[in-house]
Structure formats: C-alpha cells, structure tokens
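Per the UniProt record's numbering, the sequence shown starts with residue 5, numbered consecutively. We treat Cβ as the ideally placed atom computed from N, Cα and C, and that holds for glycine. First up is the structure itself, then whatever we jot down about it.
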Amino acid sequence: TDLFQSPDYFQVDELLTEEQKMVRDTVRSYVKKEISPVIEDYAQRAEFPEHIVRQMGELGCFGPTIPVEYGGGGLDYISYGLMMQELERGDSGVRSTASVQGSLVMFPIYAYGSEEQRRKYLPKLASGEWLGCFGLTEPDHGSNPSGMLSNFSDAGDHYVLNGSKMWISNAPYAQVAVVWAKDEAGEIRGLILERGMEGFTTPTTHGKWSLRASATGELVFHDVKVPKENLLPDIKGLKGPLSCLTKARYGIAWGALGAAMDCYDTALRYSKERIQFDKPIGAFQLQQKKLAEMITEITKAQLLVWRLGVLMNEGKATPQQVSMAKRNSCEIAADITRDARQVLGGMGITGEYSIMRHMMNIESVLTYEGTHDVHLLITGMDVTGFNAFK
Ligand code: FAD
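And the structure:
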C-alpha cells in the first residue's frame, strides 16, 4: 500500500483491536489524502486551513471518547490516541486543533457542564460546525496559572468578565471559548463565551515560526457580559483546567510520536535512495546509528503510550503518568526531527519534505500544555515527595 509505512518493530499492532486499527487507518488515509498534499503550503503562508474543521468533525476526530448521544465517538482511549498520532503525522498544528476542540473544549463542557450546556454545545463542536478554544494562559501567568488575573463579578442577572488570555490555539476562528477566570472569592471557574459577546475580541498572534498552520490568538475581555447560564456549574479550582490538560496531554503523547514516525519514515527512505561515495548513505554507519536510535526510541514510546492507553481505559492512569509520557514523546520527537533533518542533508531544510516543519512544530509541543521542565518537575515531585516548583 502507499499509505505511510508505520514503524512497528515490536508488532505493537497485535496489541490493537480491529476497531482501533480501523480508526487509525481511516484517519491515516484522510491525512494522506487531505492534509499532507496541502499542509506545507498553509504552513509556509502561516494560514489556518479552516476547511479541515468540518472534515475532522465528519471523521470523528473531535471528542472521540465523549458519548455518542452528545455527538462524540464513544470510542476508547487507544483509538483516541491513534487518531492523534495519525493527525500529527500530518502536522502538529492539525493535531492541536483537534486536541483543543476535543479535550479542552468538549471535555469540560461534557464533564462539568449542565445538561443544557451539553446539548447546546457538544453536537455542534463534535461536527465541526463550531470551533472552540481554551483560555487558561495569560501574559504574566504561563506555567503558574493559579496566579491568573482574569476575573468576573456578579452583576445581578449576569456576570461581568475582565482580563486577557494569551497564546490561545484556535482563538481567531473560534465561535466558542472555554475561559478560566476567578470569581469574587478568588476561586477559578470556567465560563463559556461566544463570539459576538460585547467586549470580547480575539486578536491574532503573528510571526510564529512554529505551528504555522494553526491559528493562535489572544482573548481580550473588556466588561464582557456573560449570561449566568454560561458558568460551568460543576467545577471549582485549578483542577478544572488541569483535568482537561491531562486529557489533551495524553493525546499529545501519541501525537508527537506520529511526527517522529513521519520523520523516521522519510529519513529511512531517503537514506536508501541518496547515493554519495557510490553508496546509499544508509550503508554508512553514522547514518545507521541515527536510524537505529530513532526506531529504538519510537518503539519504546509506542509501548509506553499503548500501556498508558490501557490504564486510561481502566480509569487507572495518573496525571503524573500522563506527564511522563507527554514529556518522553516530545523529547524523542525533538531528537528525531533533528537527526532526520541531518540525514536529508540540505534537502532536509526545504518544504519538499515534512521534517523541518515537524521540527519547528515540536518546539511548541515541548512548551505548551506544561513545559518540558514542568513535566520533569512533576515526575521529580512524584518520586521524591518534594515540590521543587516553588
Ligand atoms: P513560562 O511559564 O514563563 O516559562 C518560561 C521558562 O521557565 C520555561 O522554560 C519553563 O519551563 C521555566 N519555568 C517556569 N516555571 C518554572 C519552575 N517552577 N521551575 C523551573 N523552570 C520553570 N495556552 C492556553 O491556555 N490555551 C491554548 O490553546 C494554548 N495554545 C498554545 C499554542 C502555542 C503555539 C504556544 C506556544 C502556547 C500555547 N499555550 C496555550 C500556552 C502554553 O501552555 C504556555 O506557553 C506554557 O504553559 C508555558 O508558559 P509561558 O510561555 O508563559 O512560559
């Protein structure tokens, strides 16, 4: 087949159900047909391919683990992971759009929303009729969101929201925003905002060298009147946004691996075809070292995320395990993109191949949803019992 070759050195496929493989192959063919041929061009122009939102909705990439009655896929966590792996094989920005929509917008509405909120928002978000964004990070509060300044007060029949958010994926195109802000008691709460509310704007962030095919923006709130029914009733405190991030990070652990797989595939193929000194470069030991280390790390990470998926399905995965897997996949993806780039020599820096785009994308993936450092500190705290954050 001319589908992507999926590195599967330890026959991890045998650990997957028929349904999981079907989900993976469906998304893989979609990426091959609709994403890969166009994404480099969108990334070069720093443009968001807005038309893919509907396509991904139809394919079931939004909220795959959310029950079918709310428009979700009713699938298990390994299917969700495989979807993210295949989307990010195409582009980390495309996977980011899906992660935000499913894990950061649909999940909190499903888990903490009222029945009316679920019925109003989830089906339209699942189908891609509406795009959503998630506002947690602020200009002065990134790794430490508990210090956030965005706040709202009670004005009788509505709330009044003030503040701003920064680095918000999907923001410039979103119809719906799940925003985290403090109430008068200083408690973090979730609010659902809609485009068009007076005083609410979403200026675009320009000049990124990473995730160029994903739209990023700010959320600015100037005395925004938010109807009281738009408050998420069932969650208070930082655990609201953090629980969403655990779901999204789980998807990133699979996703970053997809980017790594694509770079490995490309480098392996190139190493067999490119002749220097009368030999394919893949016949030289130094290139074999790079390729052998890539497939070793990909294989280890595949087994880690598969096991994490089983634990997620059983409701036993801890946020600390998710942190470790997110961090590991990002780290190996960063290393693999750089090594693969070298295998391609000068060709590796061009848009003829996906490697340099993946490399630049992974820089954001290393940083968002908890930085590489922060996830290390989470593991450090988990094993020692000492908090090294403060
Ligand atoms: P800082 O927190 O200022 O960190 C700077 C450096 O200091 C990092 O290396 C960090 O590891 C280190 N550091 C911080 N604290 C400690 C500590 N205690 N000990 C040791 N080192 C420390 N946010 C959203 O809410 N929604 C989104 O949709 C979203 N999308 C994004 C898309 C992109 C392309 C990017 C780049 C970011 C996005 N983010 C989003 C924001 C992202 O989550 C933050 O950038 C991230 O949390 C880090 O915050 P910061 O950039 O303010 O860095």
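Look at Ala-185 here: in three-state DSSP terms it is strand. With a cutoff of 9 Å on beta-carbon distance, Gly-194 and Pro-127 are scored as not near each other. For His-162, the enclosing beta strand (DSSP E) has its first and last residue at 162-173.
In the DSSP assignment, Asp-12 falls outside any alpha helix (DSSP H), carrying neither H nor E. Here the alpha carbon of Met-88 sits roughly 30 Å from the alpha carbon of Asp-144.
Taken through DSSP and simplified to helix, strand or coil, Thr-208 comes out as strand. Looking only at Glu-198, Arg-32, Tyr-372 and Ile-82, the smallest Cα-Cα distance to Glu-92 is reached by Arg-32.
In the DSSP assignment, Glu-198 falls outside any alpha helix (DSSP H) and lies within the beta strand (DSSP E) extending over 192-198. Secondary structure note for Glu-222: its beta strand (DSSP E) is the uninterrupted segment 220-231. Thr-388 and Ile-285 have their C-alpha atoms roughly 46 Å apart.
In this structure Ser-150 is in contact with Leu-242, their Cβ atoms being roughly 5 Å apart against a cut-off of 8 Å.
The beta carbon of Phe-66 sits no closer than 8 Å to any heavy atom of the ligand FAD. Contact between Ala-260 and Cys-334 holds: CB atoms are separated by about 5 Å, below the 8 Å threshold. Cβ-Cβ distances below 6 Å link Arg-253 to Val-326, Lys-330 and Glu-373 in the same chain, with the five nearest sequence neighbours on each side left out; the list follows chain order. Where Ser-157 is concerned, the enclosing beta strand (DSSP E) starts and stops at 155-158. Taking C-beta atoms as the reference points, Ala-181 and Leu-223 count as a pair closer than 9 Å. With respect to Val-109, Cys-137 sits close: the two C-beta atoms are nearer than 9 Å. Ile-340 and Val-16 have their C-alpha atoms spaced approximately 20 Å apart. Between Gln-59 and Glu-38, the gap from beta carbon to beta carbon is short of 9 Å.
Bounds of any alpha helix (DSSP H) do not take in Gly-136; it lies within the beta strand (DSSP E) bounded by 136-139. The C-alpha of Val-183 lies about 22 Å from the C-alpha of Glu-54.
Measuring C-alpha to C-alpha distances from Gln-179 to each of Gly-200, Lys-283, Asp-187 and Ser-168 identifies Gly-200 as the nearest.
For the 9 Å CB-CB criterion, Gly-77 and Pro-68 form a contact. The DSSP-derived three-state label of Lys-36 is helix.
The three-state reading of DSSP puts Leu-79 in coil, since its state is none of H, G, I, E or B.
In this structure, the C-beta of Asp-377 approaches the ligand FAD to less than 8 Å from one of its heavy atoms.
Distances from the CA of Ala-257 to each of Pro-323, Trp-171 and Ala-130 were compared; the closest alpha carbon is that of Pro-323. Distance from Glu-188 to Asp-161 at the Cβ level is roughly 16 Å; contact not present, criterion being Cβ atoms closer than 8 Å.
Between the ligand FAD and the CB of His-362, the shortest heavy atom gap is not smaller than 8 Å. Membership of His-55 in any alpha helix (DSSP H) is not indicated, and neither H nor E is assigned to it by DSSP. Among the bridge pairs identified by DSSP, Leu-235 is matched with Leu-195.
For a cut-off of 8 Å, the C-beta gap from Phe-52 to Ser-154 is around 25 Å, too long to register as a contact. Among the bridge pairs identified by DSSP, Ile-279 is matched with Pro-284. Of the other Cβ atoms in all chains shown, 16 or more fall within 10 Å of the Cβ of Gly-221; this residue is therefore buried. With contacts defined as CB atoms closer than 9 Å, Gly-94 and Gly-262 qualify as a contacting pair.
The beta carbon of His-362 sits closer than 6 Å to those of Ala-263, Cys-267 and Thr-341, all from its chain and outside the five residues before and after it, given in chain order.
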